[in-house]
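The sequence shown begins at 1 in the UniProt record's numbering and counts up by one.
Just so you know, even glycine gets a beta-carbon here, dropped at the ideal spot from N, CA and C.
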Amino acid sequence: MLKPDLRKLYKQKRNTLTEVEKEKLQKSIYQQIFELQTSDIRTVHLFLSMRKFNEVDTKPIVDFFREKGKRVIVSRCNFEDDTLSHFYFEKDTKLELNKFGVPEPINAEEANVKDIDLVFVPMLISDEQKYRVGYGKGFYDRFLSECRENTRTVGLNFFPPIKKIENTHEFDVPLDFVIYPK
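Okay, structure coming up:
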């Protein structure tokens, strides 16, 4: 299938998940994350979940990494050029929703993308080659291309990978891992 068709299909699938189903799926996702080897990780980038799009709730993941003594970074969207700016997400960081419902930091210290060791990436679906379908603006593909070569990338998703996304492009950045309920 092509990205626009996959985007539509998996938005619908995700939006039909009940709270009970979502809780069960998230429990499996969290368990896999909590078992990750984190000793060599100092700084983690996480997306803050958009409730209206029924994304994986990343708050428990933020809490997990903070408890491990890791620095957490989150982003703010720059809609003029479809890029992301990155900020340290401390316990006292205030958030506000942008025009798409993404929680963003408003009083945070700017972070350097080269300091990030691990990035959790939002998505609608991925394929077996670890290419992903996001929301279609390319924010994360641009961001991931700026990261260090050894920065690990992990997609979070409620659904297992499909065989192949038919229309990947040279600017699409494959992930290192995809975590979905097993």
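{"query": "Rounded to whole angstroms, what is the Cα-Cα separation between residue 44 and residue 70?", "result": "7 angstroms"}
{"query": "Taking contact to mean 3 or more Cβ pairs, one atom from each stretch, closer than 8 angstroms, check whether the segment 18 to 29 and the segment 116 to 134 are in contact.", "result": "no"}
{"query": "Based on the DSSP output, what are the partners of residue 87 in its beta bridges?", "result": "74 and 110"}
{"query": "Just to confirm, is the Cβ distance from residue 6 to residue 106 under 8 angstroms?", "result": "no"}
{"query": "State the Cα-Cα distance for the pair residue 159 and residue 116, rounded to the nearest angstrom.", "result": "26 angstroms"}
{"query": "Taking 8 angstroms as the cut-off, does the segment 150 to 157 touch the segment 111 to 128 (at least 3 CB pairs, one atom from each stretch)?", "result": "yes"}
{"query": "Start and end of the alpha helix (DSSP H) containing residue 65?", "result": "59 to 67"}
{"query": "Taking residue 155 as the reference, which of 41, 82, 8 and 33 has the closest Cα?", "result": "33"}
{"query": "Going straight from the alpha carbon of residue 167 to that of residue 26, what length do you get?", "result": "29 angstroms"}
{"query": "On a Cα-Cα basis, can you pick out the residue from 93, 78 and 67 that is closest to residue 109?", "result": "93"}
{"query": "Taking C-beta to C-beta, are residue 77 and residue 104 nearer than 8 angstroms?", "result": "yes"}
{"query": "Would you say residue 10 and residue 124 are within 8 angstroms of each other, going by their C-beta atoms?", "result": "yes"}
{"query": "Under three-state DSSP, which class holds residue 14?", "result": "helix"}
{"query": "Can you check which of these residues, 170, 161 and 181, is closest to residue 1 by C-alpha distance?", "result": "161"}
{"query": "Considering just the uninterrupted stretch of the alpha helix (DSSP H) at residue 142, what are its terminal residues?", "result": "139 to 146"}
{"query": "List the endpoints of the continuous beta strand (DSSP E) containing residue 97.", "result": "95 to 97"}
{"query": "Under 8 angstroms by Cβ, that's how I've got residue 144 and residue 173 pegged, so tell me the actual separation to the nearest angstrom.", "result": "4 angstroms"}
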